[in-house]
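Data first, discussion second: the structure below is written as structure tokens.
In full-length UniProt numbering, the protein residues as written are 1 to 260.
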């Protein structure tokens, strides 16, 4: 079952890791950044990792040191311990996915990236996928799930076929992706799993949007999003190919509704 991407994901610019600005007390993937995105009327992109006790947490990295004053693996801490771990540049701890769902409450589209739990793009144990789907039970609002790891998406297709899912895609430059093996980069680069996981969209690396495979998938009906746009000029360039953008570092313009 290929669940279509709701139109809302193609109309509102999507704030990368929510509408974050540490200078204003809004770290990435924080409640403050989510509140700011909702207030501005942007769509929201967030990332999920799994706590030691099996809770989906909104956090980008596998380790804590870039985003908190602490070191170590996120997966070694419980949800309660992570909730008490302050995000650098803010005054809040790491939020759970359920908390962010309550904050958004369906008011803007929510694009959710499940991070690769294997660190090798191999098959996962399905625990993050199951925790994500469980948190979404009863959620009323536009939501879509994506991952770089196609095995993750295969689990999601089984657990929640009704929720739109897409592949986060890249040029997969082997140097940029080290220590991921070059042969894995070579396999993923042509986006071979799109039909296997019944995806309905891709979110592609902006600098690589001209890749013929992107146009091929678009011709087959795939919605094309892109990451990560950091200026109005880059946005204008990306929109020649992509139907929508994921942005950070500036205030993207929200398109005016069509005249009646």
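Every residue, glycine too, gets a C-beta built ideally from N, C-alpha and C.
Subject >> Sequence ranges, alpha helix (DSSP H) only - wholly within the region 80 to 125, length at least 4 >> reply: 97 to 104
Original post:
What residues in its chain sit with their C-beta under 8 Å from that of residue 71, if we drop five residues either side in the sequence?
Top reply: The sequence position of residue 71 within the chain shown is 71, counting from 1. Only 63, 64 and 65 meet the Cβ criterion.
Subject >> Residues of its chain near residue 142, where Cβ-Cβ distance is below 6 Å and the 5 sequence neighbours each way are ignored >> reply: On the chain shown, residue 142 is found 142 positions in, with the first residue counted as 1. Around residue 142: 6, 8 and 109.
Original post:
Do you know whose CA, among 132, 245 and 44, lies nearest residue 107's CA?
Top reply: The residue given as residue 107 occupies position 107 in the chain shown. Proximity to residue 107 across 132, 245 and 44 peaks at 44, based on C-alpha coordinates.
**OP:** Go ahead and pull the three-state DSSP assignment for residue 45.
**Re:** As a position in the chain shown, residue 45 is number 45, starting the count at 1. Here residue 45 sits in strand by DSSP.
Original post:
If you compare alpha carbons, which of 206, 249, 230 and 231 is closest to residue 243?
Top reply: To locate residue 243, count along the chain shown from 1; it is residue 243. Comparing Cα-Cα distances from residue 243 to each of 206, 249, 230 and 231, the minimum goes to 206.
Original post:
Taking residue 2 as the reference, which of 250, 145, 252 and 208 has the closest Cα?
Top reply: Walking along the chain shown from the start, residue 2 turns up at place 2. Among 250, 145, 252 and 208, the Cα nearest to that of residue 2 is on 145.
Subject >> Beta-carbon proximity of residue 114 to residue 48, cut-off 7 Å >> reply: Counting from one through the chain shown, the residue named residue 114 turns up at place 114. Counting from one through the chain shown, the residue named residue 48 turns up at place 48. A contact, by the Cβ cut-off of 7 Å.
Original post:
Near residue 231, what residues of its chain come up, given a Cβ to Cβ distance below 7 Å and the 5 sequence neighbours on each side ignored?
Top reply: The sequence position of residue 231 within the chain shown is 231, counting from 1. Excluding positions up to five away in sequence, the list reads 250.
**OP:** Reducing DSSP to helix, strand and coil, say where residue 55 ends up.
**Re:** As a first step, residue 55 must be located in the chain shown, where it is residue number 55. Coil at residue 55, not helix or strand.
Subject >> Beta-carbon gap between residue 51 and residue 101 smaller than 7 Å >> reply: Position 51 of the chain shown holds residue 51. Position 101 of the chain shown holds residue 101. Not closer than 7 Å, so no.
Original post:
Nearest to residue 104 by alpha carbon, out of 117, 147, 150 and 136?
Top reply: Numbered from its first residue, the chain shown carries residue 104 at position 104. The shortest C-alpha separation from residue 104 is found at 136.
Subject >> Reduced DSSP category for residue 34 - H, G, I as helix; E, B as strand; rest coil >> reply: What you label residue 34 is simply residue 34 of the chain shown in a count that begins at 1. In the structure shown, residue 34 sits in a helix (DSSP, three-state: H, G or I).
**OP:** With DSSP as the reference, label residue 205 as helix, strand or coil.
**Re:** By one-based count along the chain shown, residue 205 stands at place 205. In the structure shown, residue 205 sits in a strand (DSSP, three-state: E or B).
**OP:** Whole angstroms is fine: what's the gap from residue 84's alpha carbon to residue 246's?
**Re:** Indexing the chain shown from 1 puts residue 84 at position 84. Indexing the chain shown from 1 puts residue 246 at position 246. Approximately 29 Å, taken between the alpha carbons.
Original post:
Quick check: the region 155 to 168 against the region 88 to 97, are there 3 or more CB pairs under 8 Å?
Top reply: In this structure the region 155 to 168 does not lie against the region 88 to 97, because fewer than three pairs of beta carbons, one per stretch, are closer than 8 Å.
Subject >> Per DSSP, the bridge partner or partners of residue 247 >> reply: If you number the chain shown from 1, residue 247 lands on position 247. Looking at the DSSP assignment, residue 247 forms a beta bridge with 15 and 229.
Original post:
So what does DSSP say about residue 144, is it helix, strand or coil?
Top reply: Within the chain shown, the letter at position 144 stands for residue 144. Correct three-state label for residue 144: strand.
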